[in-house]
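Inspection log for the structure reproduced underneath, given as structure tokens.
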Amino acid sequence: MRLAIALTFNLSFITYNFSCAQTCSPTGACPINDTNSTGGLYPSSTFSTSSSSWTTVSAYMNAGNYTLFDVTSGNTYQWTYCSTYGGLENWNAALSLYDKATGAALCYNDNSGLSGCPNAPFISWKATFTGTVKLLTTISTCSISNSGSAPWSTLVWRDSSGTPSPYLYGIDVSSYQGGSINWTDVKAQGITFAWAKATEGLETNGYAPDADYVYNATHGIAAGVYMGAYHFAHPNDGTTTAEAIAEANYFLSKAKPYITTCQLPPALDYETDVSGSPYNMTSAQQGAWIEAWMNTVKDSTGIMPILYTYGSLAQELPSSLASYCNLWIATENDLNSVTPPATAPPAPSAYDMSVWNPNWTFNQYYDSVIVNGIPPGGVDADVFNGDLAALKTLMGCPNTTGIDQKVLDNAFNMYPNPSSNSFHIDYAGINGEALVNVYDINGKLVLTQNMTGKTIIDASSLNDGIYNVNITNSDGVVNKRLIIAR
């Protein structure tokens with residue numbers, strides 16, 4: 065939505081257990097001196113963490129940079145440039161770890177042999193003291209031949225003996241990020257949810273639909289990211305509720321096939337100030353405009369939209385909206401440009417939340433972060449005010465969290481997804497025949513078929529969009545999301 069200075073952001077909830085002996089040698093460390101540390105201290109912060117989730121140190125690391133980290137005796141800390149954990153190695157890097165106070169070499173690693181990135185360094189070190197360590201990045205030969213120039217690499221770290229981050233993070237995207245987002249990589253960074261821009265204003269006023277919306281909606285869901293669509297409002301083009309209804313219908317014409325339960329609710333991006341001349345909309349008129357848009361979308365989809373706005377504009381809105389819709393609030397937190405939130409960002413202020421105070425549902429806490437899988441240029445970062453169970457409740461997901469249900473879900477394999485004219489369903493370890501029912505987003509049964517074992521389902525009669533595939537047999541019921549995209 066709004067763009068500014070880039071903040072590096074990577075989170076992954078993958079666990080990986082290496083002993084120091086496997087990934088850390090006490091010998092071979094590249095010496096830190098004026099010859100091979102011309103990049104100097106970078107970033108300038110001293111980092112600390114108690115989280116077992118991988119966190120980015122910086123996406124702009126170069127040979128010759130050294131970085132400071134606070135450690136606690138007995139905890140096991142890990143550093144790497146491996147992409148599996150959110151890092152990025154653009155040249156054959158090596159890592160050397162030192163005790164800052166004494167200068168003693170503690171650990172060195174060059175080629176870790178990790179699956180997927182065997183040439184990336186990976187240090188796993190159990191702290192023998194409480195204090196500060198110094199980590200030097202070099203080329204594998206201790207060279208700094210590319211010091212101070214691109215390409216840069218991304219360094220990540222964590223306290224593997226710490227606790228996982230309890231927060232759910234997301235992003236919001238548009239065609240600004242281009243149509244080549246790798247949503248599998250995005251998901252691997254710990255991104256749980258994302259909104260994608262679908263429309264803006266009215267097409268008749270010159271606002272074409274977002275060129276990358278369908279790609280983002282289908283590929284995001286296929287990667288396991290909870291997706292939602294948003295519309296950028298233009299009350300400045302028409303202050304009446306008729307304009308709001310027209311914009312809502314334009315949005316529905318593009319996004320409705322992808323608006324469904326167990327995905328993010330649609331959102332109205334309301335960030336145009338129309339309180340002054342020449343629009344002079346009152347608080348009540350703005351509230352009526354917003355409600356007209358949301359009622360139109362809700363009546364068509366059965367799902368209540370959420371409102372995106374920011375603090376000073378929220379001040380102009382009527383108090384009635386606080387009990388009408390959930391708030392997605394944009395804030396301008398002064399986060400360190402090289403330190404992503406290992407803990408949750410600061411909660412929105414009472415001013416930002418305005419009439420919603422103290423209730424907020426989503427917070428866009430920074431407006432330009434770097435996430436692997438997304439082309440350079442930055443993307444908005446969001447956090448959900450709750451855990452995964454709360455998010456699923458908000459999205460209207462069925463409560464199927466029992467272990468037996470998980471086993472049943474995993475027994476059925478549906479592919480490819482997205483599909484075009486047909487898809488396969490395999491199941492193993494389940495006896496007997498199963499009934500497959502396919503429903504559209506309005507709950508209408510559009511296809512039914514019996515199956516035993518591997519079955520090909522003909523989907524050529526289905527329109528592009530999102531469908532619910534209900535599979536029932538004597539062991540229970542499985543619901544899976546199917547995307548048809550041609």
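Residue numbers for the sequence shown follow our numbering, so the first one is 65 and each next one is one higher. By construction, the Cβ of each residue, glycine as well, lies at the ideal position given by its N, Cα and C atoms. Small disclaimer: the values here were computed from a predicted structure and weren't measured.
(message) Strictly by DSSP, which residues pair up with Y233?
(response) Y233 is bridged to I255, V447.
(message) By alpha-carbon positions, which one of A310, K164, L509 ends up nearest to V361?
(response) Considering only A310, K164, L509, the residue with the shortest C-alpha distance to V361 is A310.
(request) Apply the 10 Å Cβ neighbour rule to A331 and answer buried if 16 or more other Cβ atoms are within range, or exposed otherwise. (result) It counts as buried.
(request) Check each candidate in Y124, T113, P107 and name the one with the smallest Cα separation from I434. (result) Y124
(message) Quick check on F111: does DSSP put it in helix, strand or coil?
(response) strand
(request) State buried or exposed for S244, treating a residue as buried only when at least 16 other CB atoms are found within 10 Å of its CB. (result) Label assigned to S244: exposed.
(message) Please give me, in chain order, every unbroken run of the alpha helix (DSSP H) with length at least 4 that falls completely inside the stretch 416-460.
(response) 452-459
(message) Does P135 come out as helix, strand or coil in the three-state DSSP assignment?
(response) A small correction: the amino acid at residue 135 is Val; Pro does not occupy that position in the sequence shown. It is a strand residue.
(message) For T248 and G437, what's the separation of their Cα atoms in angstroms?
(response) 8 Å
(request) Kindly indicate which residue of F193, G292, Q142 has the alpha-carbon position closest to the one of F426. (result) G292
(request) Please go through the same chain and pick out, in chain order, the residues whose beta-carbon is closer than 7 Å to the beta-carbon of W412, but skip the five residues on each side of it. (result) In the sequence under discussion, the amino acid at residue 412 is Pro, which differs from the Trp named in the question. Excluding positions up to five away in sequence, the list reads I393, T395, W424, N427.
(request) Along the beta strand (DSSP E) that carries G167, what are the first and last residues, could you check? (result) Neither: G167 is in no beta strand (DSSP E) and is coded neither H nor E.
(message) Does the contact criterion of 3 or more C-beta pairs under 8 Å hold for the stretch 113-131 versus the stretch 175-191?
(response) no
(request) Pull up the CB-CB distance for M459 and P369, whole angstroms please, since I reckon it's below 8 Å. (result) Their Cβ separation, rounded to whole angstroms, is 13 Å, which puts M459 and P369 out of contact at 8 Å.
(message) Suppose you measure from the CA of G375 to the CA of V338; what does that come to, to the nearest Å?
(response) 15 Å
(request) Give me the Cα-Cα distance between V510 and N527, rounded to the nearest whole angstrom. (result) 10 Å
(request) Specify, as a first and last residue, the run of the beta strand (DSSP E) that Q142 falls within. (result) 140-144
(request) May I ask you to report which of helix, strand or coil DSSP gives E264? (result) strand
(message) My output table needs one value for V361: the three-state DSSP class, helix, strand or coil.
(response) DSSP places V361 within a helical segment (H, G or I) once states are collapsed to three.
(request) Apply the 10 Å Cβ neighbour rule to D446 and answer buried if 16 or more other Cβ atoms are within range, or exposed otherwise. (result) D446 is buried by the Cβ-count criterion.
(request) Measure the C-alpha to C-alpha separation of Y322 and A281 and round it to an integer number of angstroms. (result) Here the alpha carbons of A281 and Y322 stand approximately 7 Å from one another.
(request) Check whether the Cβ atoms of L266 and Y343 lie closer than 8 Å to each other. (result) no
(message) Which residue marks the beginning of the alpha helix (DSSP H) containing H283, and which one marks its end?
(response) 277-286
(request) Go ahead and label E497 buried or exposed: buried means 16 or more other beta carbons lie within 10 angstroms of its beta carbon, across all protein chains shown. (result) Under a 10 Å Cβ-count criterion, E497 is classified as exposed, with fewer than 16 other Cβ atoms of the shown protein chains found around its own Cβ.
(message) I'd like the list of long-range same chain contacts for M345, defined as Cβ closer than 8 Å, with 5 residues on each side in sequence excluded.
(response) P299, T303, V338, S339, W353
(request) Leaving out five residues on either side along the sequence, give the residues of the same chain with a beta carbon under 6 Å from the beta carbon of T263. (result) For T263, where only same-chain residues beyond five positions count, the Cβ hits under 6 Å are P273, H295, Y314, F315, K318.
(request) Measuring alpha carbon to alpha carbon, tell me which of T144, A306, S341, L381 ends up nearest M417. (result) L381
(request) Note down the Cα distance separating A286 from S224, rounded to an integer number of angstroms. (result) 29 Å
(request) Could you pull the start and end residues of the beta strand (DSSP E) that G375 belongs to? (result) Here G375 belongs to no beta strand (DSSP E); instead the alpha helix (DSSP H) covers 375-378.
(message) Can you tell me whether Q241 is helix, strand or coil according to DSSP?
(response) helix
(request) Taking only the alpha-carbon atoms, compute the straight-line gap between G150 and T305 and give it to the nearest angstrom. (result) Between G150 and T305, the alpha-carbon positions lie close to 46 Å from each other.
(request) Return the residue from the list G529, H488, S525 that minimises the CA-CA distance to N557. (result) Nothing about residue 557 can be read from this structure; the chain reaches only from 65 to 550.
(request) Confirm the yes/no value for this check: CB of G460, any heavy atom of the ligand HEM, distance under 7 Å. (result) You won't find the ligand HEM in this model; it holds no ligand whatsoever.
(request) Tell me whether G167 is buried or exposed, calling it buried when 16 or more other Cβ atoms sit within 10 Å of its Cβ. (result) exposed
(message) Within 10 Å of its beta-carbon, does K470 have 16 or more other beta-carbons around it, so buried, or fewer, so exposed?
(response) The pLDDT assigned to K470 is 45, lower than 50, so where the model puts this residue is not dependable, and the model offers no usable value.
(request) With DSSP as the reference, label F193 as helix, strand or coil. (result) coil
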